[in-house]
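Numbers 890 to 1084, taken from the numbering used here, label the letters of the sequence shown in order. We treat Cβ as the ideally placed atom computed from N, Cα and C, and that holds for glycine.
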Amino acid sequence: MTKKVIYLAVLAVVAALVLWVISGYNAMVVAEENVESAWSHVENEYQRRADAVPQLVSTVGAYAKHESATLQGVMDARAKATQITIDPANATPDQLAAFQNAQGELSQALGRLMAVSEAYPELKADKGFLTLQSQIEGNENRCTVARDLYNEQAREFNQMVRMFPRNIIAGMLGFSKKPYFEADKAAHKAPVVEF
890 MTKKVIYLAV
900 LAVVAALVLW
910 VISGYNAMVV
920 AEENVESAWS
930 HVENEYQRRA
940 DAVPQLVSTV
950 GAYAKHESAT
960 LQGVMDARAK
970 ATQITIDPAN
980 ATPDQLAAFQ
990 NAQGELSQAL
1000 GRLMAVSEAY
1010 PELKADKGFL
1020 TLQSQIEGNE
1030 NRCTVARDLY
1040 NEQAREFNQM
1050 VRMFPRNIIA
1060 GMLGFSKKPY
1070 FEADKAAHKA
1080 PVVEF
């Protein structure tokens, strides 16, 4: 009878361990899927912005024909931003930084384009331009929200795969930490205001 009790106890421990591993694995899969879903929202918002750029450039170009360098700069930045693709399951901090830099270049180019529009009162009064300008501004806000959601999901996933004892399962099953969107390096410097 003693051997039978020991056998059942060992079997119960092994069964509990197997269930714990399965539960941990499934929780990490769900968390990783949440990260990948959040990443798809980031890509979707940036794509929405990129889709609006040609129409905005065309509208501004109709009024500001001699601003061709600015218009070309916006289109070049858009092309660069849309060429970078990242697999969120295998994303590295360097890939995310490159993606973020390309998107930042497009944001800067759009900012220059909006500044050019200030010199053209008839452009600023154009309803199509005002609608596009509003869409671009809304997209910038949605991109920020999507990045924040991605970072939150990545944080939850990273905590899960790094905390003991799940880190053991994560290491055995190939789950690794996800990178974050980080603030632009220039954001750490206080702006200089001179009068």
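Classify Thr974 as helix, strand or coil using the three-state DSSP reduction.
Coil.
Any C-beta of chain D sitting closer than 7 Å to the C-beta of Arg1055?
Of the chains in the structure shown, none is chain D; there is only one protein chain.
Quick one: measure Cβ to Cβ for Ala1043 and Val924, integer angstroms, because I've assumed they're closer than 8 Å.
Contact flag correct, Cβ pair sits at about 5 Å.
What are the complete alpha helix (DSSP H) segments, minimum 4 residues, inside the segment 975-1056?
Correct list: 982-1006, 1010-1013 and 1016-1051.
Just to check my reading of the structure: Ile1025 and Tyr914 have Cβ atoms closer than 8 Å, yes? What is that Cβ distance to the nearest angstrom?
Their Cβ separation, rounded to whole angstroms, is 43 Å, which puts Ile1025 and Tyr914 out of contact at 8 Å.
Which full runs of the alpha helix (DSSP H) of 4+ residues lie inside the segment 914-972, going along the chain?
Listed in chain order, they are 957-972.
Go ahead and pull the three-state DSSP assignment for Ala1072.
Note: Ala1072 maps to coil in three-state DSSP.
According to DSSP, is Ser912 helix, strand or coil?
Looking at Ser912 - three-state DSSP - the assignment turns out to be helix.
Contact between the segment 1058-1071 and the segment 968-986: three or more CB pairs below 8 Å?
Contact between the segment 1058-1071 and the segment 968-986 is present, because at least three Cβ pairs lie under 8 Å.
Would you call Tyr896 buried or exposed, if buried means 16 or more other Cβ atoms sit within 10 Å of its Cβ?
Classification for Tyr896: exposed.
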